[in-house]
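Residues in the sequence shown are numbered from 11 upward in steps of one, following my numbering. Just so it is clear, CB atoms sit at the ideal spot from N, CA and C, and this is done for glycine as well. In this text, all values refer to a predicted model and were calculated from it rather than measured experimentally.
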Amino acid sequence: MAARSSTPGTTGTVDVRCAVGDLVAVAHVSGAAAPRLAVVLVHGVGSSARAFDPVRRALLRPGPTPTAVHAIDLPGFGAAPRAPRDVTIAEHADVVAAYVRRHVLDAPGPAPVVVLVGHSMGAQVVAQAMADHPHEAAAGVLVGPTADRRARSAPHLALRLARDAVGERPRALATLAVDYVLRCSLPHYARQVRQMVRHRIEDVLPRVPGRVVVLRGAHDPIAPRAWVRELAAAAPRGTWRETRGRHHAMDADPDGIVAAVLDAGGVA
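Given below as structure tokens:
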């Protein structure tokens with residue numbers, strides 16, 4: 011756990027816009043100005059970068075490896091402008107990869123180790139980015155990945171989400187409530203759920219050459235153990251692990267997420 015850091019040469023949080031065609035994402039960047047490790051956080055459907063706040067803080071605790079954290083709001087979510095149309099998982103992945111290329115790898119100085127971390131639908135985005143853009147996305151952590159092929163429909167996902175909400179931490183529920191109600195339009199949310207259900211992450215992962223850690227909270231009803239193990243086996247360099255908590259393991263066990271990040275990035 012000692013590998014993370016916000017040691018000398020750190021910056022405050024800076025918001026960076028990234029446009030790809032008619033889609034715009036916003037990244038909230040903090041940590042080392044000249045990092046050796048860059049962690050890119052990708053939220054789930056209806057959510058925002060704020061869902062990763064506990065993980066971001068854990069990554070930026072002092073340690074020997076200068077670390078920068080890039081917490082992305084995907085097009086149509088959080089602080090990003092509303093998406094002008096439906097957006098596929100592959101298009102979200104293209105936006106994330108373009109951001110990494112322009113604002114992480116092409117930044118002045120030596121290129122850092124880059125680890126993408128996706129939660130829920132964000133895990134689908136990360137897997138797609140790793141398959142389509144292996145140079146920009148060489149390592150990744152998939153937290154609570156959707157959508158389990160045994161329950162791949164909006165009604166099934168809604169039932170599992172309701173089961174999960176019963177045991178989630180108050181901070182996670184409050185963050186979700188604000189993001190779902192105030193920061194994401196209902197039509198965009200509905201369209202994105204359809205894209206999430208259509209996407210086949212299990213068909214994407216065999217094309218991923220990089221290191222993949224598939225992770226679930228031990229009591230997550232949305233990403234069951236059998237599903238997580240299946241996805242880890244599908245990736246040529248995949249492993250899986252469990253942390254404390256439910257679907258939003260970022261709140262229950264941020265240090266467990268950080269350990270997976272360091273493992274995926276080869277800096278554990």
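Work out the CA separation of residue j and residue i for me, nearest whole Å.
i	j	result
residue 134	residue 74	31 Å
residue 165	residue 171	10 Å
residue 200	residue 98	13 Å
residue 114	residue 104	15 Å
residue 53	residue 272	19 Å
residue 207	residue 120	39 Å
residue 243	residue 276	19 Å
Any idea what DSSP makes of residue i, helix, strand or coil?
i	result
residue 99	helix
residue 252	strand
residue 26	strand
residue 157	coil
residue 244	helix
Pick from the options: whose alpha carbon is nearest that of residue i?
i	options	result
residue 226	260, 208, 198, 204	260
residue 215	197, 199, 248	248
residue 63	268, 111, 204	268
residue 66	91, 85, 38, 167	38
residue 139	79, 36, 220	220
residue 42	80, 57, 273	80
residue 29	50, 57, 112	112
residue 266	277, 252, 83	252
residue 161	239, 231, 26	231
Opposite residue i in the DSSP bridges: which residues?
i	result
residue 88	BP columns for residue 88 are empty, so no partner.
residue 82	37, 52
residue 215	Residue 215 pairs with nothing; no bridge assigned.
residue 150	126, 222
Tell me where the alpha helix (DSSP H) around residue i begins and ends.
i	result
residue 42	It is not in any alpha helix (DSSP H) - residue 42 instead sits in the beta strand (DSSP E) that spans 33–42.
residue 66	63–69
residue 267	264–275
residue 198	196–208
Start and end of the beta strand (DSSP E) containing residue i?
i	result
residue 226	221–227
residue 127	123–129
I'd like to know whether the C-beta of residue i is nearer than 8 Å to at least one C-beta of chain D.
i	result
residue 22	Within the model displayed, chain D is absent; a lone protein chain is all it includes.
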